[in-house]
Each structure stands twice: as C-alpha cells, then as structure tokens.
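Take 207 as the starting number for the sequence shown in our numbering and just add one per residue.
Ideal Cβ positions, reconstructed from N, Cα and C, are used throughout, including at glycine.
This one's a predicted model, so the numbers in the text were calculated from it and none came from an experiment.
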Amino acid sequence: MITNGIRVNLLFVLLALLFYIILAFIIYILNHIISYLYSTGVVLGISMIGVIIAAFCETSLGDRVWFLIPWSWLLRISDILFNQQKIGVTQLFVMVIISLVLFFFHKYVFQNWNQERLSDG
C-alpha cells in the first residue's frame, strides 16, 4: 500500500494496531480496578498523573523505567515500532508480568462484584 509516496506494509500496520489495542486494554483494566476500589474521581486524577509521567518517560528521564509504568507503554512501543528500534527481552518480560498481575487482580477484585454496592454509596 502506498500513502503519499511512502510505502506502508499493511500487515505491519495491522499488527501494530492489534498491539496498541492490547496495551490500551491493559490500561483500561488498571483504571477499572481503581474505579471500583475507590471512585471515578480518583481514576481521573491517577490517569492524569499517569499521562504526565508517560510524557516524562518519553524523554531520557524514562529510559530505564518506562516499562514499569503502563501509561508510558503506548508511547514507547510506538517509538520502537515505527523507528525500528530494538527492545530488550527483560522489558517485554516485565510488561507481560505486570499485565498478568493486573489481569488476575482484576479477576480477583470482580469475582464477588455486587451491583448493590454501587447504589448504596
């Protein structure tokens, strides 16, 4: 596929899109857990702080810690994919571990979910 004189591999774009959706879902799970345990206002505050930290992680300040902060994953991964840089196995492994911990914690938190808890507040 050619866009504005630039050759774009459609398979690469689709794989990148799938990867972004998965990473966005992980951030959604994190926000969902915080929202359930605390409130929507707390989630908004934490998400705003997370986006600011993600912006800092895009600079050289976050070169060593970006893979520990889920909000910075999308920015750094897009940089890595489109600039065809290498990513360390350790960084990917830490991202997978954090994702699995969040997934299982989400499952644990919502295992005994009670709709009436939301309306009693």
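Report the option in the options whose CA atom is closest to the CA atom of residue i.
i: Ile303; options: Gln291, Trp319, Ile275, Asn318; result: Ile275
i: Phe309; options: Gln297, Phe218, Ala230; result: Ala230
i: Phe218; options: Tyr244, His238, Asp269, Gln290; result: Gln290
i: Pro269; options: Ser245, Asn318, Gln297, Tyr244; result: Before going further, note that residue 269 is Asp rather than Pro in the sequence given. For the residues Ser245, Asn318, Gln297, Tyr244, the minimum Cα distance to Asp269 belongs to Gln297.
i: His312; options: Leu220, Tyr234, Arg213, Leu224; result: Tyr234
Does the beta-carbon distance from residue i to residue j come in below 8 Å?
i: Cys263; j: Leu236; result: no
i: Val315; j: Tyr242; result: yes
i: Val249; j: Ile255; result: no
i: Phe273; j: Val295; result: no
i: Asp267; j: Ala222; result: Before going further, note that residue 267 is Leu rather than Asp in the sequence given. The answer is no: Cβ separation not under 8 Å.
Contact check, residue i vs residue j under 8 Å by CB: the rounded distance?
i: Ile259; j: Ser278; result: 7 Å
i: Ser284; j: Ile232; result: At roughly 15 Å, the Cβ-Cβ gap does not stay under 8 Å, so Ser284 and Ile232 are not in contact.
Which residue marks the beginning of the alpha helix (DSSP H) containing residue i, and which one marks its end?
i: Asn318; result: Premise fails: Asn318 is in no alpha helix (DSSP H) and is neither H nor E.
i: Ser278; result: 276-288
i: Gly256; result: 246-263
Can you determine whether any heavy atom of the ligand ADP sits closer than 7 Å to the C-beta of residue i, and answer yes or no?
i: Phe262; result: With respect to small molecules bound, the structure shown includes none, and the ligand ADP cannot be examined in it.
Of all the CB atoms in chain D, is at least one closer than 8 Å to the CB of residue i?
i: Val302; result: Annotation note: the requested chain D is absent from the structure, which comprises a single protein chain.
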